[in-house]
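> One line per chain: the protein sequences are H and X, in this order.
Read left to right, the first sequence gives residues 1 to 424 (this note's numbering).
Read left to right, the second sequence gives residues 1 to 124 (this note's numbering).
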Amino acid sequence: MARTITLDHITKIEGHAKLRLKVDHGKVKQCHLTSTEGARYFEGIVKGRRFNEAHEITSRICGICSCAHVIAAIQAVEDALGVVPTKQTVQLRLLMTLGERIRSHATHLYFLSLPDYLGYESALAMAKKYRPELQRALDLMRCGNGMIKTLGARDLHPVSATVGGWLHLPTQEQISEMGRSLESVKRDALSTCELFNGLKFPEFQTSGNYFSLVNKKQYPALDGAFGCGNQVIEKKDYKSFIKERHEADSTANFVVKSDKRYFVGALARINNNSQLLSDDAKRMLKKSGVQLPSLNPYHNNVAQAVELVHCIDQAREICGSLIVKQEEVETIRPRAGTGVGMIEVPRGTLWHEYTLNKEGIITKANIITPTAQNLLNIQEDIRMFVPQVIKKPKKQIVLDVEKLIRSYDPCFSCSAHFLEVDWK
Amino acid sequence: MNRKVYVFGNEHLEEDSLAKKTAVLLKPLTGEVVFCRSADELLDAESPLVILDVVKGLKEVRLIPPKKIKSRSLVSLHDFDVGYVLKLMAEMGQEKDIKIIGIPEEGEPQKIAKEVEACLKNLA
Numbered sequence: 001m002a003r004t005i006t007l008d009h010i011t012k013i014e015g016h017a018k019l020r021l022k023v024d025h026g027k028v029k030q031c032h033l034t035s036t037e038g039a040r041y042f043e044g045i046v047k048g049r050r051f052n053e054a055h056e057i058t059s060r061i062c063g064i065c066s067c068a069h070v071i072a073a074i075q076a077v078e079d080a081l082g083v084v085p086t087k088q089t090v091q092l093r094l095l096m097t098l099g100e101r102i103r104s105h106a107t108h109l110y111f112l113s114l115p116d117y118l119g120y121e122s123a124l125a126m127a128k129k130y131r132p133e134l135q136r137a138l139d140l141m142r143c144g145n146g147m148i149k150t151l152g153a154r155d156l157h158p159v160s161a162t163v164g165g166w167l168h169l170p171t172q173e174q175i176s177e178m179g180r181s182l183e184s185v186k187r188d189a190l191s192t193c194e195l196f197n198g199l200k201f202p203e204f205q206t207s208g209n210y211f212s213l214v215n216k217k218q219y220p221a222l223d224g225a226f227g228c229g230n231q232v233i234e235k236k237d238y239k240s241f242i243k244e245r246h247e248a249d250s251t252a253n254f255v256v257k258s259d260k261r262y263f264v265g266a267l268a269r270i271n272n273n274s275q276l277l278s279d280d281a282k283r284m285l286k287k288s289g290v291q292l293p294s295l296n297p298y299h300n301n302v303a304q305a306v307e308l309v310h311c312i313d314q315a316r317e318i319c320g321s322l323i324v325k326q327e328e329v330e331t332i333r334p335r336a337g338t339g340v341g342m343i344e345v346p347r348g349t350l351w352h353e354y355t356l357n358k359e360g361i362i363t364k365a366n367i368i369t370p371t372a373q374n375l376l377n378i379q380e381d382i383r384m385f386v387p388q389v390i391k392k393p394k395k396q397i398v399l400d401v402e403k404l405i406r407s408y409d410p411c412f413s414c415s416a417h418f419l420e421v422d423w424k
Numbered sequence: 001m002n003r004k005v006y007v008f009g010n011e012h013l014e015e016d017s018l019a020k021k022t023a024v025l026l027k028p029l030t031g032e033v034v035f036c037r038s039a040d041e042l043l044d045a046e047s048p049l050v051i052l053d054v055v056k057g058l059k060e061v062r063l064i065p066p067k068k069i070k071s072r073s074l075v076s077l078h079d080f081d082v083g084y085v086l087k088l089m090a091e092m093g094q095e096k097d098i099k100i101i102g103i104p105e106e107g108e109p110q111k112i113a114k115e116v117e118a119c120l121k122n123l124a
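1) With 8 angstroms as the limit, tell me which residues of the segment 77–104 of chain X have their beta carbon closer than that to any beta carbon of chain H; keep them in chain order.
2) Nearest-angstrom Cα distance between H:N366 and H:T349?
3) Considering Cα atoms alone, identify which of X:G107, X:Y6 and X:E117 is closest to X:K59.
4) Please list the terminal residues of the continuous alpha helix (DSSP H) segment that includes X:A19.
5) Looking at chain X, which residues of the segment 89–110 of chain H have a Cβ within less than 9 angstroms of any of its Cβ atoms?
6) Name the chain H residues whose beta carbon is nearer than 9 angstroms to that of X:L43?
7) Are H:V324 and H:P170 touching if we call contact CB-CB under 8 angstroms?
8) Which of the three DSSP states is assigned to H:C62 in this structure?
9) My guess is that X:V85 and X:D40 are in contact by the Cβ rule of under 8 angstroms, so how many angstroms apart are they, rounded?
10) Please classify X:Q110 as buried or exposed, where buried requires at least 16 neighbouring CB atoms within 10 angstroms.
11) When the cut-off is 8 angstroms and only beta carbons count, does X:K53 lie next to chain H?
12) Quick check on this structure: which residue in H:K216, H:L356, H:A137 and H:N377 has the alpha carbon closest to the alpha carbon of H:G229?
13) DSSP on H:F201, reduced to helix/strand/coil?
14) Which residues bound the alpha helix (DSSP H) around H:G425?
15) Our contact map puts H:L308 next to H:H105 with C-beta atoms below 8 angstroms; I'd like the distance itself, whole angstroms only.
16) What's the C-alpha gap between H:I148 and H:V159?
17) Is the separation between the beta-carbon of X:G57 and that of X:K70 shorter than 8 angstroms?
18) Applying a beta-carbon distance threshold of less than 9 angstroms, which residues of chain H neighbour X:S38?
19) Helix, strand or coil, according to DSSP, for H:M126 in the structure here?
20) DSSP three-state call for H:C67: helix, strand or coil?
21) Checking 8 angstroms against the spacing of the C-beta atoms, do H:R347 and H:D400 come in under that value?
22) For H:V389, collect the residues of the same chain with a Cβ closer than 6 angstroms to its Cβ; drop the 5 residues on either side in sequence, then sort them by chain order.
23) Report the neighbours of H:A127 on chain X: residues whose CB is nearer than 7 angstroms to its CB, in chain order.
24) Span of the beta strand (DSSP E) holding H:H310?
25) Just the Cα atoms here: how many angstroms apart are X:V116 and X:I98?
26) At least one CB of chain X closer than 8 angstroms to the CB of H:G38: is that the case?
27) Answer yes or no: do H:A123 and H:P115 have a C-beta to C-beta separation smaller than 8 angstroms?
28) Consider the Cβ of H:D422: report whether some Cβ of chain X lies at a distance smaller than 8 angstroms.
29) Could you give the first and the last residue of the continuous beta strand (DSSP E) run that contains H:Y354?
30) So, using beta-carbon positions, are H:H310 and H:L267 closer together than 8 angstroms?
31) Can you list, in chain order, the residues of its chain with a C-beta nearer than 6 angstroms to that of H:Y117? Leave out the 5 residues immediately preceding and following it.
32) For H:Q135, return the contacting residues in chain X, with the cut-off set at a CB-CB distance below 8 angstroms.
33) Only counting the same chain, and skipping five residues up and downstream in sequence, which positions put a Cβ closer than 7 angstroms to that of H:A153?
34) Should H:D434 be labelled buried (16 or more other beta-carbon atoms within 10 Å of its own) or exposed?
35) Within this structure, are the beta carbons of H:R316 and H:G179 separated by less than 8 angstroms?
36) Give the DSSP bridge partners of H:A161, in chain order.
Below you can see the structure in the form of C-alpha cells.
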C-alpha cells in the first residue's frame, strides 16, 4: 500500500521547512526536504557595500546566531585585507562565540529537544513538573546572553566587534563578573549532561561523514582546518571540495563535499576533537557511554550538553587570564582581495567569503550555513530511517521523523510558525 | 511608586515601532525606561513593572490584563517572545506584578505619549 506523508510545517526547528515522503510497500519512493523560506538575498545585499559593513548586514541573517555571522564576516574580510587581529581581540571574539554557543545549546536542548523525550508537546506543558530543569535552562541562557551583551554591547546583533579590533571594550570588572556568572552555572551544565545522558535515543546510523574544524591546540571555534579524521581541507581550498546546488522548489542550498553528503555540528566537532575538551566535559562524555566517532544524529543532543560544560570551562579560563588593555581599532587600508572566514558556530561550520575591489567595496559574497550543509544528510537520513518505523501509527512516524530532524538543531532561518501536518 | 517601564517592539517595522517612538517622549518623572531587545529581559526584571508594547487591533492606549496575552507554542527559538515568557514565568511560579500598557499600531507619538503618562499616573 502506498502512503504519502507531507509535513507542511516541521515544528520546533529554526525556520520553515517541509517534508514530502512517499512510501510504497515499506520502501521509500520519494523523500524530499525543502526549505520554504523566502529567499534571503544577503549575498546580493552586501554587494556594493564597504568591507566594514558586511558583518553588520549579515548579522541580520538570524537573531539566534547573529554573533556567528558577525565574527565569520569579520574574519573573511580580514583575510581578504591581510589584517591580523591582536590576541586580545581574538580572545574577545572567542568569548562571544562561546557565550552564543551556551545560549543556543541551552535553549535548543531544553525548549526544543527535551519535550520530545519526556513526552510533552512543548516546554510550556512540562513547566509545572520540570520547573528546576527549566530554571536551569533559563540560568544558562541568561549567562550566555549576559556574555554577549557585555562583549557585544547588545544581546542581539552585537556592535562591538569590528574589522581590525573591538569598538567598545569590556572593563576588567565586567570580565571578572562574567567569570563569576560562568562559575555559577557550571553545575547547571553538568546536570544538563546527566539529564541528557539518561535519555533513551533511537538506534540509527547516518551514512554521512562528519566534518568540523579540526585544531591541534584548542577545541575548535575560530580557527583550524575543515576535516574529518585524517581528511583535511584548508579554508582557501574549500570551493574545490564543497559544492552548493539549488533545488527547483526550495530556497535553501544543498551542500555536498566531493559529491557526498556530510554533517556538521556539535557531534561532528566532538567526533573530531574530543581530546581537546575540558576535563569535566571529557568526564561527562565518558559517562554518556557514547562511543566515538558516533554516526547517530540523536547523539547530537548529548554532544551539545557536553559542549555546554566545555564552553563554560573554556570561557572561565579566558576570563581568569584576560587582562583588558586599551587597544585602538586598526586603521584599515583597503585593497583588492578575496578572503574566507570559517568558524564553528552552535549548529556547525559557518563559511563567509568576500571579494573586495581596491577601494574595499564588496564585489562578491558567498555564505554557507551549517543547516545548508546538513540539509541533504537530514533528507537522506529520513529516507533510511522511515522503513524502520513505517508500521507505527502516523502520529508516531511524524514524531520520530521530527525528532530526527530536530536532533540536527537545524535553522532554516527566522520566524517559523508551523504546527499543521497534512496527511494525503 | 514609579515602576520601571520595559519597552518592546521593532523600530525598523512601522507597525511595531510606536511603543519605542512613544517611550522616548515620556516625561522623566514617569520612571526608568528600559528598551528591550529580547523578551527574556523580563526574566530578570524586578517587580512591579510595566510593559509597553504595540497590540495588534487596538484603537487606543489601554491596560491589557497579562492573562489576556495569547502565547503561541514554542516551535522555534524565534517564538521566545513576550507572550511566551509571561506564560513561562506564570507556569514556573514566577509571577510578578506586571501591568501591560497596549499601544495601537498607528497614531501620533506625542498624543500617545500623553495617554501613556496618564495611564502610568493611575498605576502609581
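Here a beta-carbon is modelled for each residue, glycine too, at the ideal position from N, C-alpha and C.
Model, not experiment: these values are computed from the prediction.
If we stick to the structure as given:
1) L77, H78, D79, F80, Y84, K87, L88, E91, M92 and G93
2) 14 angstroms
3) X:G107
4) L18 to A23
5) So the close ones are S104, T107 and H108.
6) L138, M141 and R142
7) Cβ distance < 8 angstroms, so H:V324 and H:P170 count as in contact.
8) coil
9) With a Cβ gap of about 6 angstroms, X:V85 and X:D40 count as contacting.
10) exposed
11) Reading off the sequence shown, one finds Asp at residue 53 of chain X, where the question assumed Lys. It does not; no Cβ of chain H falls within 8 angstroms.
12) H:K216
13) coil
14) Lying outside 1 to 424, the shown extent of chain H, residue 425 of chain H is not represented and no answer is given.
15) 5 angstroms
16) Spanning the two alpha carbons is a distance of roughly 10 angstroms.
17) no
18) Chain order gives the chain H residues near X:S38 as G63, N145, D155 and L156, where near means a beta carbon separation below 9 angstroms.
19) coil
20) helix
21) no
22) I397 and D400
23) L88, E91 and M92
24) Counting along the chain, H:H310 falls outside any beta strand (DSSP E), though it belongs to the alpha helix (DSSP H) covering N300 to S321.
25) 15 angstroms
26) With a pLDDT of only 48 at H:G38, under the threshold of 50, the placement of this residue in the model should not be trusted; the figure read from the coordinates follows. Cβ-Cβ to chain X under 8 angstroms: no for H:G38.
27) yes
28) Model confidence at H:D422 stands at a pLDDT of 32, short of 50, so the residue's coordinates are unreliable; what they give is reported in the following sentence. It does not; no Cβ of chain X falls within 8 angstroms.
29) G348 to L356
30) No, the Cβ-Cβ distance between H:H310 and H:L267 is not below 8 angstroms.
31) L199
32) M92
33) V159, S160 and H168
34) The structure shown does not extend to residue 434 of chain H, since chain H spans only 1 to 424, so no value can be given for it.
35) yes
36) H:W166
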